[in-house]
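Novice:
Residue numbers (my numbering): 4 to 352.
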């Protein structure tokens, strides 16, 4: 999943949302900007969840207390502990802000947690984690390093350093995912939704549910479609409508939704010979019917317009889309992105 998302952000234009048929200029900001809602200068003062406690202060005081806490640039583990302690007592708006701030920090710091897999002890970490995953995959599933069961799984890790590494990730709010033979840290959306979903806004809950679904049943596995064609279209419809209706989410979260939507759009523009076309790279009547149905979806105008364009392209190509022999297929997809999708949505400042 990480590889697909990185490919999306680096090689394609990023979208953002507006209402059904409106189009505005895209405004992008540096993805390294944390977008945390209370940015400030870092401080050398030690800050922990114990020395700034929120209990029965009025709402305005709670907001101020949180702002002061964040002004000291707390570590992820301190922020996670602070949220766990205080979120039951704060206002709904502040609770949602705290959770979004946490997710943004997790999202932007995840690559820094993967250095153990590239250093001198990388073989030890990989071998140890692989052995645990292999032993427990049948009983715990592919997400064994995510959600509530992850603490139990960590106890099965025999190497002390590797176990400490896992527990440190968990304390910050991460889990572990694997792809193409590699492990990497990833925000534990399963745990966050299970433990804090009740405090999240409707928009944030929907975001969390999407990300959990993508962890449990990702769109792609090793760059091959991991869901049915019908599910691909259903997710495309849902992601477009969700993106348009969740403009209250912080920009980084909306960029993540845009990344998923980009993946859907690009696969619809370049149907894969491996999983969507027949052995002769031909667009079947069954596949074509999904595109025809999408054209009638008035509540997802970008998807409808894209599918109308593809039906015309199918006809131009006599329903043969062999990407190995015809570079025009990728050229058509990239041109469509630039001319029809690049300015379609607006992430905002």
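Glycine included, each C-beta is placed from N, C-alpha and C at the ideal position. These numbers come from a predicted model, not from an experiment.
Is it true that the CB of residue 179 sits closer than 8 Å to the CB of residue 188?
Specialist: Result yes, Cβ atoms of residue 188 and residue 179 sit closer than 8 Å.
Novice: Return the residue from the list 165, 64, 212 and 222 that minimises the CA-CA distance to residue 236.
Specialist: Checking every option, the nearest Cα to that of residue 236 belongs to 222.
Novice: Taking contact to mean 3 or more Cβ pairs, one atom from each stretch, closer than 8 Å, check whether the region 103-117 and the region 69-83 are in contact.
Specialist: With a cut-off of 8 Å, the region 69-83 and the region 103-117 count as touching, because enough Cβ pairs lie within range.
Novice: When DSSP labels each residue in this structure, what does residue 287 get in the three-state scheme?
Specialist: Three-state DSSP puts residue 287 in coil, outside helix and strand.
Novice: In this structure, what does DSSP give as the bridge partners for residue 181?
Specialist: Paired residues: 186.
Novice: How many whole angstroms separate the CB atoms of residue 335 and residue 316, which I take to be in contact at a CB cut-off of 8 Å?
Specialist: With a Cβ gap of about 6 Å, residue 335 and residue 316 count as contacting.
Novice: Compute the Euclidean distance between the alpha carbons of residue 228 and residue 268, then round it to the nearest angstrom.
Specialist: Each residue's alpha carbon lies about 13 Å from the other.
Novice: In angstroms, rounded to a whole number, what distance separates the CA positions of residue 12 and residue 262?
Specialist: Unreliable placement is indicated for residue 12, whose pLDDT of 38 sits below 50; the coordinate value is still reported in the next sentence. Residue 12 and residue 262: Cα-Cα distance of roughly 7 Å.
Novice: Do residue 260 and residue 206 come within 8 Å of each other at the CB atom, strictly closer than that value?
Specialist: Contact flag unset, no.
Novice: Would you identify the three-state DSSP class for residue 14, choosing helix, strand or coil?
Specialist: Because the pLDDT of residue 14 is 39, which lies under 50, any placement of that residue in the model is unreliable, and the number read from its coordinates should be weighed accordingly. Correct three-state label for residue 14: helix.
Novice: Would you grab the beta carbon distance between residue 307 and residue 300 for me? Rounded to a whole angstrom, and I think it's under 8 Å.
Specialist: Sure, about 5 Å apart at Cβ, within 8 Å.
Novice: So, under 8 Å CB-CB, residue 149 and residue 218 are touching, yes? Tell me the CB distance rounded to an integer number of Å.
Specialist: 7 Å between Cβ atoms; contact.
Novice: For the region 197-260, list the alpha helix (DSSP H) runs that are entirely contained and at least 4 residues long, ordered along the chain.
Specialist: Runs found: 205-219 and 232-248.
Novice: Classify residue 52 as buried or exposed, calling it buried when 16 or more other Cβ atoms lie within 10 Å of its own Cβ.
Specialist: Confidence in residue 52 is poor, its pLDDT being 45 and thus under 50, which makes the residue's placement unreliable; the coordinate value appears in the next sentence. It counts as buried.
Novice: Does residue 62 come out as helix, strand or coil in the three-state DSSP assignment?
Specialist: In the structure shown, residue 62 sits in a helix (DSSP, three-state: H, G or I).
Novice: For a minimum of 4 consecutive residues, which ranges assigned as the alpha helix (DSSP H) are wholly contained in the region 310-346?
Specialist: For the region 310-346, whole alpha helix (DSSP H) runs of length 4 or above, ordered along the chain, are 331-339.
Novice: Decide if the region 90-103 is in contact with the region 148-168; the criterion is three or more beta carbon pairs, one per stretch, under 8 Å apart.
Specialist: In short, these stretches do not touch, since the Cβ pair count stays below three.
Novice: Buried or exposed for residue 130, going by 16 or more other Cβ atoms inside 10 Å?
Specialist: So residue 130 ends up on the exposed side.
Novice: Can you tell me the Cα-Cα spacing of residue 230 and residue 241, whole angstroms?
Specialist: Rounded to the nearest angstrom, the two C-alpha atoms are 15 Å apart.
Novice: The alpha helix (DSSP H) that contains residue 167, what's its start and end?
Specialist: 163-175 is the span of the alpha helix (DSSP H), which, as asked, contains residue 167.
Novice: Taking its Cβ as the centre, do 16 or more other Cβ atoms sit within 10 Å of residue 330, making it buried, or is it exposed?
Specialist: Under this definition residue 330 is an exposed residue.
Novice: Can you list, in chain order, the residues of its chain with a C-beta nearer than 6 Å to that of residue 352? Leave out the 5 residues immediately preceding and following it.
Specialist: Confidence at residue 352 is low in this model, with a pLDDT of 39, below 50, so the placement of that residue should be treated as unreliable; the coordinate-derived value is given next. So the list is empty, once near-sequence residues are dropped.
Novice: Could you check whether residue 177 and residue 113 sit closer than 8 Å to each other, using their CB atoms as the reference points?
Specialist: In this structure, residue 177 lies closer than 8 Å to residue 113 by Cβ.
Novice: DSSP three-state label for residue 147, please.
Specialist: Coil at residue 147, not helix or strand.
Novice: Leaving aside the five residues before and after residue 276 along the sequence, list all residues of the same chain whose C-beta is less than 8 Å from its C-beta, in chain order.
Specialist: Correct list, in chain order: 284, 324, 325, 326 and 327.
Novice: So, are the CB atoms of residue 211 and residue 165 less than 8 Å apart?
Specialist: The answer is no: Cβ separation not under 8 Å.
Novice: How would you label residue 338, buried or exposed, when you count the other beta carbons within 10 angstroms and need 16 or more for buried?
Specialist: Result: exposed.
Novice: Where do the N-terminal and C-terminal ends of the alpha helix (DSSP H) with residue 158 fall, by residue?
Specialist: It spans 153-158 - the alpha helix (DSSP H) in which residue 158 sits, taken as one unbroken run.
Novice: Run through DSSP, which three-state label would residue 301 get?
Specialist: In the structure shown, residue 301 sits in coil (DSSP, three-state: anything other than H, G, I, E or B).
Novice: Please go through the same chain and pick out, in chain order, the residues whose beta-carbon is closer than 7 Å to the beta-carbon of residue 192, but skip the five residues on each side of it.
Specialist: Cβ neighbours of residue 192 beyond the five flanking positions: 211, 214, 215 and 218.
Novice: Please classify residue 255: is it buried, with 16 or more other beta-carbons within 10 angstroms of its beta-carbon, or exposed?
Specialist: The residue in question, residue 255, is buried, as its Cβ has 16 or more Cβ neighbours within 10 Å.
Novice: With respect to the alpha helix (DSSP H) encompassing residue 112, which residues constitute its N-terminal and C-terminal limits?
Specialist: Looking at the DSSP string, the run of the alpha helix (DSSP H) that includes residue 112 is 95-112.
Novice: Is the Cβ-Cβ distance between residue 168 and residue 119 less than 8 Å?
Specialist: Yes, the pair counts as a contact, with Cβ atoms nearer than the cut-off.
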